[in-house]
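Asks: In my numbering, the protein residues as written are 4 to 200.
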Ligand SMILES: NC(=O)c1ccc[n+]([C@@H]2O[C@H](COP(=O)([O-])OP(=O)(O)OC[C@H]3O[C@@H](n4cnc5c(N)ncnc54)[C@H](OP(=O)(O)O)[C@@H]3O)[C@@H](O)[C@H]2O)c1
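1. Please determine, among 149, 164 and 156, the residue with the shortest C-alpha to C-alpha distance to residue 193.
2. Could you name each continuous beta strand (DSSP E) segment of 3 residues or more that falls completely within the region 110-151, going from the start of the chain to the end?
3. Between which two residues does the beta strand (DSSP E) carrying residue 52 extend?
4. In terms of alpha-carbon separation, which member of 188, 112, 81 and 105 lies closest to residue 91?
5. Per DSSP, residue 175 forms a beta bridge with which residues?
6. Taking buried to mean at least 16 other C-beta atoms within 10 Å of its own C-beta, is residue 22 buried or exposed?
7. Would residue 118 pass as a contact of residue 14 if the rule is Cβ separation under 8 Å?
8. Output yes or no for whether 8 Å exceeds the beta carbon distance between residue 7 and residue 81.
9. On the CB-based measure, 16 or more other CB atoms within 10 Å of its CB, does residue 182 come out buried or exposed?
10. Considering only the beta carbon of each residue, do residue 104 and residue 128 sit closer than 8 Å?
11. What does the Cβ neighbour count give for residue 210, buried or exposed, with the cut at 16 atoms within 10 Å?
12. Is the region 41-49 in contact with the region 16-32, if contact means three or more CB pairs nearer than 8 Å?
13. Return yes when at least one heavy atom of ligand 1 lies under 7 Å from the C-beta of residue 56, else no.
14. Under the criterion of a Cβ to heavy atom distance below 7 Å, does residue 170 qualify as lining ligand 1?
15. Along the alpha helix (DSSP H) that carries residue 160, what are the first and last residues, could you check?
16. Beta carbon of residue 200: closer than 7 Å to some heavy atom of ligand 1?
17. Take residue 42 as the anchor and find which of 34, 59, 55 and 11 has the nearest alpha-carbon.
18. Any heavy atom of ligand 1 closer than 7 Å to the Cβ of residue 70?
19. In its own chain, which residues sit with a C-beta less than 8 Å from the C-beta of residue 96, not counting the 5 before and 5 after it?
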């Protein structure tokens, strides 16, 4: 299983930090190209490799850690997804009000799924603020919770396995529609839920 993160900002950095901490290889891409990631890669170590977006979208599991509005451009040139997994870590936010974007009642992940036809989309890693996502998920004798939702149970299980590899505890909410509570503005945008045992 090959992994890629697209986005090297707050969330991309937080996730890459967890990949590095747990010795899991991952490609990281951003809008400015691999050369701009030299310092990033140098700071995080051998598991983190800079890539172009074109390379990153070929991974078996691609994490979108870009602004919601940048998703169309990010995935525009992706090859056929053929069931590969896209993890949607984005939140659809209107700035500067920091309010949920009006999508006419559609879930933001549904919009993302429409842009990556043929991919198995899992919503995850979108509820924790970047600083919390970057911190050690082993906490108070338990593991920090990452909420998951997706329409393909095997893909959700694969992302849960990744979350666990990174030290989190995955909590499967069910189908994408069931994950509404963990979309931006929902009550599961919690910062510090820890699962024990
Ligand atoms: N910050 C949080 O606490 C938080 C928490 C949960 C979820 N989220 C969500 O996570 C996503 C990322 O947030 P963030 O705070 O990490 O944002 P950020 O710090 O602004 O970073 C955004 C990253 O996306 C990259 N990017 C933008 N357009 C791109 C494109 N067309 N192709 C490739 N890369 C592109 C940027 O590349 P460059 O570096 O080249 O500009 C940058 O690395 C957002 O959807 C946000 O709502 C954020």
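The beta carbon of each residue, even a glycine, is placed where N, CA and C say it ideally should be.
Replies: So, from the data block:
1. Translated into the one-based positions of the chain shown, residue 193 becomes position 190. Nearest Cα to residue 193 within the set 149, 164 and 156: 149.
2. Correct list: 123-126.
3. Locating residue 52 in the chain shown gives position 49, counting from the first residue. Where residue 52 is concerned, the enclosing beta strand (DSSP E) starts and stops at 51-53.
4. For the purposes of this step, residue 91 is identified with residue 88 of the chain shown, where counting begins at 1. Selected option, being the one with the closest Cα: 112.
5. Reading the chain shown from its first residue, position 172 is the one you call residue 175. According to DSSP, which records beta bridges pairwise, residue 175 is partnered with 151.
6. Working through the chain shown from its first residue, we reach residue 22 at position 19. Buried, by the Cβ-count rule.
7. Residue 118 sits at position 115 when you count from the first residue of the chain shown. Residue 14 sits at position 11 when you count from the first residue of the chain shown. Judged by their CB atoms, residue 118 and residue 14 are not nearer to each other than the 8 Å cut-off.
8. In the chain shown, the residue the question calls residue 7 occupies position 4. In the chain shown, the residue the question calls residue 81 occupies position 78. No, Cβ-Cβ distance for residue 7 and residue 81 is not below 8 Å.
9. In the chain shown, counting from the first residue as 1, residue 182 sits at position 179. With a 10 Å radius around the Cβ and a threshold of 16 neighbouring Cβ atoms, residue 182 comes out buried.
10. Your numbering for residue 104 matches position 101 in the chain shown. Your numbering for residue 128 matches position 125 in the chain shown. No; because the gap between Cβ atoms is not below 8 Å, this pair is not in contact.
11. This structure gives no information on residue 210, because the portion of the chain shown stretches from 4 to 200.
12. Judged by pairs of C-beta atoms under 8 Å, the region 41-49 touches the region 16-32, as three or more such pairs exist.
13. Taking the first residue of the chain shown as 1, we reach residue 56 at position 53. Residue 56: yes, Cβ under 7 Å from ligand 1.
14. Translated into the one-based positions of the chain shown, residue 170 becomes position 167. Annotation for residue 170 indicates a beta carbon at 7 Å or more from all heavy atoms of ligand 1.
15. As a first step, residue 160 must be located in the chain shown, where it is residue number 157. Here the alpha helix (DSSP H) through residue 160 covers 156-168.
16. Indexing the chain shown from 1 puts residue 200 at position 197. Because no heavy atom of ligand 1 lies under 7 Å away, the Cβ of residue 200 does not count as near it: no.
17. On the chain shown, residue 42 is found 39 positions in, with the first residue counted as 1. Proximity to residue 42 across 34, 59, 55 and 11 peaks at 11, based on C-alpha coordinates.
18. One-based indexing of the chain shown puts residue 70 at position 67. At least one heavy atom of ligand 1 is nearer than 7 Å to the Cβ of residue 70, so yes.
19. By 1-based counting over the chain shown, the position of residue 96 is 93. So the list reads 71, 102, 103, 104 and 187, once near-sequence residues are dropped.
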